[in-house]
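Residues 14 to 445 in our numbering are what the sequence shown lists, from first letter to last.
Cβ atoms here follow ideal geometry from the backbone N, Cα and C, with glycine treated the same way.
None of the values given here were measured: they were computed from a predicted structure.
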Amino acid sequence: MSRTCLRAALPCLLGLSVQAQAPLLQDGAAALRQARLDWTLGQAPQEPSSLPSFEVGWGGADSGGAYTPLVGGEGLGHGTRGWGLGVQGRYTSGGWGFAATVLGLRDQGRTAGILQRALVGFQFNSGGRILLEQSPLAWGSGLNGGPLLGDAARPFPRVTLAFAPLEIFKSLWRLEAFEGRLERTPTVPEWSPNRPARLAAQAAGLGLQRPTVGGALMRVAFGTDLEVSLGALTLSGGQDAAGQTAPRQSNLSQSLAEFRLRLPALARLAGARGASVTASRVGSRDGGAPSLVPARDQGGLQLVWDRWDLGLEYASAAPRTAFSAPPPTYLAGFSTRGDALGAAFGDSVSTRTVALGLPLFLEGRGRLQVVRATAPRDDPSGPGGWFLQGDAQWRTPTGRLGASVASRRNEPPGAPPRWGWSCSLFQAFRVF
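What follows is the structure, encoded as structure tokens:
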């Protein structure tokens with residue numbers, strides 16, 4: 014098996030090449046974003062160098078005020094915070110691939126060692142592969158992260174099995190599945206509906222600890238311009254405060270149906286290199302049975318020019334249901350360390366998003382994203398709010414520099430607006 018096949022199969026972690034223009038802390042999310050743009054252009058994802066690499070650097074992340082996710086932040090600002098040093102490297106040999114990003118960050122008077130991303134994987138001659146990894150995923154397409162699994166939360170450890178592509182009647186089928194483990198004591202997110210009741214249930218010992226998360230996703234490509242995805246995610250297992258195994262009726266599930274379509278005619282009309290539209294539906298249900306009802310719907314448009322790209326997206330809010338906590342239950346839902354596993358703002362708000370990729374001075378690259386979020390009056394963040402994020406990356410003679418800064422303005426009824434912020438910054442230096 015060639016090294017080229019392995020590199021194409023493992024883009025998120027093994028794509029840590031010196032050409033990358035992203036903060037070291039967010040390389041995985043940057044690779045997923047670039048893969049989305051490459052799909053719109055109808056081209057294969059960029060292949061990183063086959064040479065070993067090693068980088069060191071300094072930087073960190075922080076946040077304050079009202080909860081403000083960092084889109085594409087891999088948990089930075091909330092799940093991962095502090096300032097310090099980082100090292101990152103990769104190595105490939107035959108069918109094997111190894112990669113890791115390790116951080117030593119100091120925050121509030123203590124220093125923590127963090128394995129931000131890691132991978133040990135092997136690809137078979139058939140194209141199938143097996144991985145032990147901790148890296149961001151994109152299950153579904155979205156400007157705020159995949160609607161089923163996205164890149165706003167810190168990656169969690171898991172075992173992944175990807176089957177060899179199968180061609181059936183001029184369509185190409187791909188299937189991948191994984192099983193992983195979330196943190197021991199899940200944090201009830203600040204954006205959770207009915208958060209006071211969830212916190213009270215947690216204080217009473219009704220929350221399940223160390224839950225298992227697993228899922229499967231099938232992508233089917235019909236010709237060159239249409240792709241359909243079907244996936245499911247399940248939260249199960251873990252133990253209650255007394256050490257008893259979680260009952261099956263406590264399981265939570267989410268299901269995804271999505272299609273992506275390239276529009277060459279629209280690209281020509283707009284003078285762009287590529288154009289695509291997406292439409293998806295995510296359904297959530299108690300008990301673990303896959304279902305697309307009730308559901309959250311999402312649709313988007315992507316245009317890509319030579320140096321610019323533009324994304325527009327609308328996502329509805331998931332239907333609200335009354336919270337009940339029969340002991341035991343998963344009080345944090347589909348989240349880790351307070352960040353959503355899927356779209357960055359959770360599924361209880363409706364979002365309208367505009368994202369613009371643009372060139373910067375000194376051959377840098379930038380990205381601006383504006384989100385208008387609306388929710389019911391009893392939402393923890395208030396019924397309305399605005400979100401703005403800016404990303405900037407530059408290549409330097411010795412490595413690369415990148416930063417992400419986000420600000421959020423929430424509008425609670427009958428009260429002054431609440432502000433929040435989050436940021437990350439990293440300067441990386443090439444060793445080899």
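Per DSSP, the beta bridge partners of W399 are R385 and R422. Residue range R208 to A216 is occupied by the alpha helix (DSSP H) that includes L212. For the beta strand (DSSP E) assignment, the stretch 68 to 94 encloses no uninterrupted run of at least 3 residues.
R167: not part of any beta strand (DSSP E); DSSP gives it neither H nor E.
Cβ atoms of T334 and S263 stay farther apart than 8 Å, at about 16 Å. Separation of the CB atoms of G287 and V317 is rounded to 5 Å, and the pair is thereby assigned contact status at 8 Å.
In the three-state reduction of the DSSP assignment, S297 falls in the strand class, which pools E and B. Taking 9 Å as the cut-off, the Cβ atoms of P168 and L150 count as close. The beta carbons of V295 and S266 sit about 11 Å from each other, so the pair does not count as a contact at 8 Å. DSSP places A308 within a strand segment (E or B) once states are collapsed to three. In the same chain as P426, and ignoring 5 residues on each side of it, the C-beta atoms closer than 8 Å to its own belong to R390, G395 and P396, in chain order. Note that the C-beta distance between R350 and T200 is below 9 Å.
Between the alpha carbons of A254 and S205 lies a gap of roughly 21 Å. Per DSSP, reduced to three states, the secondary structure at F176 is coil, with no helix or strand assignment.
The beta carbons of L132 and S148 sit closer together than 9 Å.
Taking a C-beta distance under 9 Å as the contact criterion, W399 and A419 do not qualify as a contact pair. Short of 7 Å from the beta carbon of G300, and not among the five residues preceding or following it, lie these beta carbons of its own chain, in chain order: Q262 and N264. DSSP lists E240 and T291 as the beta-bridge partner residues of R273. A Cβ-Cβ separation of about 11 Å leaves G370 out of contact with Q406 under the 8 Å criterion.
When only Cα atoms are considered, S363 and G108 end up about 44 Å apart. A residue is called buried when at least 16 other Cβ atoms come within 10 angstroms of its Cβ; D238 does not meet this threshold and is exposed. Assignment of beta strand (DSSP E) within the stretch 109 to 155, counting only whole runs of 3 or more residues, yields 109 to 120, 123 to 136 and 142 to 147 in chain order. About 16 Å separates the Cβ atoms of G70 and C436, ruling out a contact at the 8 Å cut-off. In terms of CA proximity to R408, P372 leads the group P429, P372, L162 and G153. The DSSP-derived three-state label of A428 is coil.
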